[in-house]
Amino acid sequence: MAATAMQQTGDVALCVACWDTSIAFKEADNAGAPDLRRFKSGLLDRDAALAAARNLPEFIAGLPKAELHIHIEGTLTPALARQIAARNGLDLAAFELEAAAAARRDFTSVQPFLTE
212 MAATAMQQTG DVALCVACWD TSIAFKEADN AGAPDLRRFK SGLLDRDAAL AAARNLPEFI
272 AGLPKAELHI HIEGTLTPAL ARQIAARNGL DLAAFELEAA AAARRDFTSV QPFLTE
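As structure tokens, then:
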């Protein structure tokens, strides 16, 4: 019987809602849900995956996040920094494009950036 035609409640309904119908599953657990661990990332066991799916916003909030404020220094050019500062009405009198470019060019460690 197709998964969509079955009457499901609780965990079974949750499993069915998460199924990737493009995968031809050959094994199923005692509730009739395929063991997705063989086909997905396998980072969570079945119970942990079901618990995460029940409260997805809380699960996502608990995941480690990249520290984007650190990475922006490598992607923000001095010219773009000046353009954003001007757009936001900041005082540009002390902004020296060449000095900013030299600082970016000579950057070798994040430690001085963090301590200055």
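Quick note, our numbering runs 211 ahead of the 1-based positions in the sequence shown. Using N, Cα and C, we set each Cβ at its ideal position, and we do this for glycine too. These figures come from a predicted structure and were not determined experimentally.
message = Taking the alpha helix (DSSP H) that A290 belongs to, which residues open and close that run?
response = For A290, the enclosing alpha helix (DSSP H) starts and ends at P289 to R298.
query = If you draw a straight line from the alpha carbon of A312 to that of I271, how long is it in whole angstroms?
reply = 38 Å
request  = Measure the Cβ-Cβ separation of P289 and L308 and say whether it is below 8 Å.
outcome  = With a cutoff of 8 Å on beta-carbon distance, P289 and L308 are scored as near each other.
request  = For F306, I'd like the list of residues in its chain whose CB is within less than 7 Å of its CB, leaving aside the five on either flank, ordered along the chain.
outcome  = So the qualifying residues of the chain are R293 and A296.
message = Going by DSSP in three states, T326 sits in which element: helix, strand or coil?
response = helix
A235 classed as buried or exposed, judged by whether at least 16 other C-beta atoms fall within 10 angstroms = Unreliable positioning characterises A235 in this predicted model, as indicated by a pLDDT of 48, which lies under 50. The coordinate reading is nonetheless provided below. Under this definition A235 is an exposed residue.
inquiry  = Counting C-beta neighbours from all protein chains within 10 Å, is the total for A310 16 or more, i.e. buried, or is it exposed?
reply    = exposed
ask   = With DSSP run on the structure shown, which of helix, strand or coil describes A314?
value = Here A314 sits in helix by DSSP.
query = Roughly how many angstroms separate the alpha carbons of F210 and E269, rounded to a whole number?
reply = Nothing about residue 210 can be reported from this structure: the residues present for the chain run from 212 to 327 only.
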